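Sequential numbering from 299 applies to the sequence shown in the working numbering. Even glycine gets a Cβ: it sits at the ideal position worked out from N, Cα and C. As the structure is a prediction and not an experimental result, all values here were calculated from the model.
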Amino acid sequence: MTIKDAMNLLRKKGYKMTDRREEILKFFSDEAENKYKTAKDLYDHMEKRYPGISYDTVYRNLHLYHELGILESTELDGEKHFRMTCGGSHHHHFICKICGTTKKLNFCPMDYVSKLLGQYIIDDHKFEVYGLCPKCITTN
């Protein structure tokens with residue numbers, strides 16, 4: 299999702315587009331990083347630009363963005379991590395357990411899984427592969 303798409307969605311849903319909300323979008327839209335980030339990562343980033351910002355404000359906006367589909371989330375080591383929702387065709391991700399970097403996987407195992415669960419109705423799915431990225435392999 300682009301920043302512009304996210305801003306339009308927020309406005310369409312009746313939310314004001316504040317400087318803080320736009321800064322949060324910029325924080326998550328950094329394509330060079332392409333990784334999941336924590337609420338603390340966002341708080342540390344926002345605190346530099348908006349001294350005195352509360353964790354409550356950070357969590358409220360993370361929850362809102364997640365509910366609206368602007369952000370997607372995963373859990374790494376018991377902590378929720380967020381990233382900008384991907385666009386394009388259906389795909390899944392490899393996620394580095396150390397730095398949160400993601401790599402798009404253009405593969406979906408659901409054809410195989412659907413055959414295994416022939417009598418079941420599958421509503422949704424999420425397939426993630428966890429491990430270490432090349433950078434973290436060399437530094438750890």
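What residues in its chain sit with their C-beta under 6 Å from that of Leu-323, if we drop five residues either side in the sequence?
Residue mapping note: residue 323 aligns to position 25 of the sequence shown, counting from 1. The residues are Ile-301, Ala-304.
Let me check understanding here. Comparing Cα to Cα, which of Thr-316, Ile-368, Met-382, Gln-417 lies closest to Tyr-348?
One-based indexing of the sequence shown puts residue 348 at position 50. If we check each option's Cα against that of Tyr-348, Thr-316 comes out closest.
Measuring only the C-alpha atoms, how far is Tyr-428 from Leu-369?
As a first step, residue 428 is located in the sequence shown; it is residue number 130 there, counting from the start. As a first step, residue 369 is located in the sequence shown; it is residue number 71 there, counting from the start. Computed Cα separation, rounded: 19 Å.
Can you find the residues in the same chain that come closer than 7 Å, C-beta to C-beta, to Thr-336, ignoring five residues on each side of it along the sequence?
Locating residue 336 in the sequence shown gives position 38, where the first residue counts as 1. Excluding positions up to five away in sequence, the list reads Glu-377, His-379.
Quick one: grab the DSSP three-state call for Ile-393.
Within the sequence shown, residue 393 is the residue found at index 95, counting from 1. Three-state result, Ile-393: strand.
Hey, which unbroken runs of the alpha helix (DSSP H) at 4 residues or more fall wholly within the region 306-369?
Listed in chain order, the complete alpha helix (DSSP H) runs (minimum 4 residues) inside the region 306-369 are 317-326, 337-347, 353-365.
So, at 6 Å on beta carbons, what are the nonlocal neighbours of Thr-399 in its own chain, with the 5 sequence-adjacent residues on each side left out?
Locating residue 399 in the sequence shown gives position 101, where the first residue counts as 1. Once the five neighbours on either side are set aside, the close Cβ partners of Thr-399 are Lys-333, Cys-431.
Which residue wins for smallest C-alpha separation from Cys-406, given the options Ser-387, Lys-395, Tyr-418, Ile-419?
Here residue 406 is taken as the residue at index 108 of the sequence shown, counted from 1. For Cys-406, the nearest C-alpha among the options comes from Ser-387.
Quick one: what does DSSP say Leu-374 is sitting in, helix, strand or coil?
Indexing the sequence shown from 1 puts residue 374 at position 76. DSSP places Leu-374 in strand when its eight states are reduced to three.
Considering Cα atoms alone, identify which of His-390, Glu-320, Leu-366 is closest to Asp-422.
The count along the sequence shown starts at 1 and reaches residue 422 at position 124. Closest by alpha carbon: His-390.
Using alpha carbons as the reference points, say which of Lys-401, Met-344, Lys-395 lies closest to Cys-384.
On the sequence shown, residue 384 is found 86 positions in, with the first residue counted as 1. The shortest C-alpha separation from Cys-384 is found at Lys-401.
With which residues is His-379 paired in a DSSP beta bridge?
Working through the sequence shown from its first residue, we reach residue 379 at position 81. Looking at the DSSP assignment, His-379 forms a beta bridge with Thr-336, Thr-372.
Along the chain, where does the beta strand (DSSP E) containing Tyr-443 start, and where does it finish?
The chain is shown from 299 up to 438; residue 443 falls before or after that span and cannot be answered.
With DSSP collapsed to three states, give me the class of Thr-399.
Counted from its first residue, the sequence shown places residue 399 at position 101. Note: Thr-399 maps to strand in three-state DSSP.
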